[in-house]
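Chains as they are written, first to last, in our numbering: chain Y, -6 to 177; chain L, -6 to 177; chain H, -6 to 177; chain R, -6 to 177.
Note that beta-carbon positions come from the ideal geometry of N, C-alpha and C, so glycine has one too.
There are 4 protein chains.
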Amino acid sequence: MQKIMDAASRLIAQKGYEATSIAEIAREAGVSKGLLYNYFSSKQDLLEKMVLGAMSEADNVMGRLIDDDPRRTLENMIRELFRQLRERSEHIRLMMELTFKIDRFDFVRKMASDRYELYIRFIEDLFQKIGIPDPANEARMLAALCDGIGVQYTVLKGVYSIDQLEEFLVNKYCKKDQSHEMGH
Amino acid sequence: MQKIMDAASRLIAQKGYEATSIAEIAREAGVSKGLLYNYFSSKQDLLEKMVLGAMSEADNVMGRLIDDDPRRTLENMIRELFRQLRERSEHIRLMMELTFKIDRFDFVRKMASDRYELYIRFIEDLFQKIGIPDPANEARMLAALCDGIGVQYTVLKGVYSIDQLEEFLVNKYCKKDQSHEMGH
Amino acid sequence: MQKIMDAASRLIAQKGYEATSIAEIAREAGVSKGLLYNYFSSKQDLLEKMVLGAMSEADNVMGRLIDDDPRRTLENMIRELFRQLRERSEHIRLMMELTFKIDRFDFVRKMASDRYELYIRFIEDLFQKIGIPDPANEARMLAALCDGIGVQYTVLKGVYSIDQLEEFLVNKYCKKDQSHEMGH
Amino acid sequence: MQKIMDAASRLIAQKGYEATSIAEIAREAGVSKGLLYNYFSSKQDLLEKMVLGAMSEADNVMGRLIDDDPRRTLENMIRELFRQLRERSEHIRLMMELTFKIDRFDFVRKMASDRYELYIRFIEDLFQKIGIPDPANEARMLAALCDGIGVQYTVLKGVYSIDQLEEFLVNKYCKKDQSHEMGH
DNA sequence: AATGAATGAGACTTCATTCAT
DNA sequence: GATGAATGAAGTCTCATTCAT
């Protein structure tokens, strides 16, 4: 079962959901098409289980990023985002792809709004602790910014240099002295 | 031909490219499937022509936003983004969807990187005129931010209040006195 | 109308009947698809008229080959066959192709058996005059031989050297002294 | 799979390649259209496998015709040709049809020239053993003759009497005393 | 638990033909 | 005589899914 989900994950992340056939997944996993239907009731069900699995894994990672110092937590989160971009960009690509199939897959809608709430609140809380004013809007902006960087990196991979942007963000949001300013 | 492109635009923007069949498009346009192939050599060709059309239309709109005052230009652009979100969110959804099919549609790759270059340079230039330091990175951030807001609004439509965010951004980037600051 | 038949002839002879579309023929002829249907009631009708035209043209050629000396007539016919192979092999290809569509095109059946009768009788008559024994069977053999050479040349074009064969046949059938023998 | 190839063979041999649809073949074979694509990757692939199968079968038959006496071998071959004409004329029809699709089907080109070489050489060898002069050209002539008889019989079936021709050829090529002569 | 042969709906596409202008 | 927009039937092929073994 894990074998199947891994294969599916690899192929779907790389090629997209509709471009990946059940037959391909079965072949990549080294099992028969029939067996696949013993574990998953449909292609969509496979996608669902696969994504929810990846999400709970991501939550584990998130947990490990929390630090006593809110600035540190924030920096950890930002650095983790860039690490994921560098090392697992196809998975980010997949999540984005699914995001735009929200009308076809109900589970995506629920997952997306739940997690958005969660993360926004978490960041807002950090901002409050750090003492940034209007933390609600700033949190929404940071969340959007992260998504946007994900989009642009996935798409422009070859051309999009990420290292500068990482330092820029860390400086802007997590350093005590020069922070909170966009400009002089 | 316009009838067909309109129908295609409506359906594909709403339901997605693969989820929309040629038969549906023909039915929605009130023509036969065959006729469609008099104008477009394939489903992909239809998509391509449709998107490129929308792009050149978007360029026209962009042209009208330019003002002598760079702050004003920026504000116009931001407000236009939000107007599009409110009024034509499916088209933004479509552009995002295509973005993640970049490996299947060559024209998307070219279009995406061309436009990214263009917009980044334009914003960078505005920032320079306004006097914002590190305009290169700030421009990339603003571009990512816009994409991110697009993503999140498309997905979270019901829950995502946009009005506050619009004012927040305008204040942050385009107002003379309190600008350039993320904080106090 | 002649323009259309010429275009059709060129394309169908080269690419085959089903592989050539009405649209292509119209384009090659420089007329509209609609006009084509003013002259020919269907694609098949076009084929029919085109082939019958070519046949009557071929009959004219045949007429010019007849000589007082039957040996000379025979030589002329053989040399004409090889000339056609060299210069208009696609038309021979087309005739062969049609031959095997005999069940789909009634006019082919009629044409084929009529002409077969005609030619066989003609050759038989020549053989009788020359004094070859069993002229009926020899005539059928020569006819088959000519068809067979047509088939093999069309197919093996690059590899099939025709010049030797021509001389060989002329020697065998049309020369007074060494003729009538397959061997010493 | 054999069921499918048999059905395809029957229909395509009888009606022609393009005139036979996948749906018909599936119906005749008593299976679904889909299953057909489990075994053959395309209609052309089906044709290819079917023809190559028939060819290797034909080679087996050929092997059994060889005799110590070259005259006997030749007679066996000629009689086999006529037996095939009488009993499986549609298959000969199919081979001829394909022959004229040589530009569309690469495998036909290869097959045709390979087999031509093979048979020519074989007959030439027999002729040499029998002591017929100019065996190279005579071999090419006999090969063309056989093809030609195939063509004419397929087309003129009802009208074309084959029995006389068979005896005539056997007498001409395989009998010791009166052979090698076209005439007195 | 595991297979893979079999299905059938539905997708894209082609093309001969018609018809209003 | 001439056009070409429009049609619709038919074709090839794909693929998620089922089921007997």
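Assigned secondary structure, residue i (DSSP; H/G/I helix, E/B strand, else coil)
{"i": "E174(R)", "result": "Any answer about E174(R) is weak, because its pLDDT of 48 lies below 50 and its placement is not dependable; what the coordinates show is given next. It is a strand residue."}
{"i": "Y153(Y)", "result": "coil"}
{"i": "G46(H)", "result": "helix"}
{"i": "V101(L)", "result": "helix"}
{"i": "S106(R)", "result": "helix"}
{"i": "P128(H)", "result": "helix"}
{"i": "I5(R)", "result": "helix"}
{"i": "Y166(R)", "result": "helix"}
{"i": "M55(Y)", "result": "helix"}
{"i": "A12(R)", "result": "coil"}
{"i": "F120(L)", "result": "helix"}
{"i": "S34(R)", "result": "coil"}
{"i": "F93(L)", "result": "coil"}
{"i": "S82(L)", "result": "helix"}
{"i": "D62(H)", "result": "coil"}
{"i": "M70(L)", "result": "helix"}
{"i": "G27(L)", "result": "helix"}
{"i": "M88(L)", "result": "helix"}
{"i": "M134(L)", "result": "helix"}
{"i": "M(-2)(H)", "result": "helix"}
{"i": "E159(R)", "result": "helix"}
Cβ distance (whole Å) where residue i is taken to contact residue j below 8 Å
{"i": "L67(Y)", "j": "R133(L)", "result": "About 20 Å separates the two Cβ atoms, so there is no contact after all."}
{"i": "I(-3)(Y)", "j": "Y32(Y)", "result": "6 Å"}
{"i": "I85(L)", "j": "V163(L)", "result": "Wrong, their Cβ atoms sit about 19 Å apart, outside the cutoff."}
{"i": "A105(L)", "j": "V148(Y)", "result": "5 Å"}
{"i": "L135(R)", "j": "I116(R)", "result": "6 Å"}
{"i": "I18(R)", "j": "A47(R)", "result": "About 16 Å separates the two Cβ atoms, so there is no contact after all."}
{"i": "V144(L)", "j": "D99(Y)", "result": "Incorrect: roughly 19 Å between the Cβ atoms, too far for contact."}
{"i": "S82(L)", "j": "K8(L)", "result": "With a Cβ gap of about 14 Å, S82(L) and K8(L) do not count as contacting."}
{"i": "F120(Y)", "j": "E131(Y)", "result": "5 Å"}
{"i": "E11(L)", "j": "E11(Y)", "result": "5 Å"}
{"i": "I5(H)", "j": "L87(H)", "result": "6 Å"}
Q) When you check each C-beta in the region 92 to 106 of chain R against every C-beta of chain H, which residues fall closer than 9 Å? A) Hits within the stretch, in order: T92, F93, K94, I95, D96, R97, V101, R102, A105, S106.
Q. For the region 11 to 43 of chain R, which residues have a beta carbon sitting closer than 9 Å to at least one beta carbon of chain H?
A. If the cut-off is 9 Å between Cβ atoms, the region 11 to 43 of chain R has E11, A12 near chain H.
Q: Residues of the region 46 to 73 of chain H with a CB closer than 9 Å to any CB of chain R: list them in chain order, please.
A: Using a CB distance below 9 Å, no part of the region 46 to 73 of chain H faces chain R.
Q: Taking a Cβ distance cut-off of 7 Å, strictly less, list which residues of the region 109 to 121 of chain Y are near chain L, in chain order.
A: Within the region 109 to 121 of chain Y, the residues whose Cβ lies closer than 7 Å to some Cβ of chain L are Y109, listed in chain order.
Q: Would you list, in chain order, the members of the region 150 to 163 of chain H that have their beta-carbon closer than 7 Å to a beta-carbon of chain R?
A: For the region 150 to 163 of chain H, which is checked against every Cβ of chain R, the residues closer than 7 Å are V152, Q157, L158, F161.
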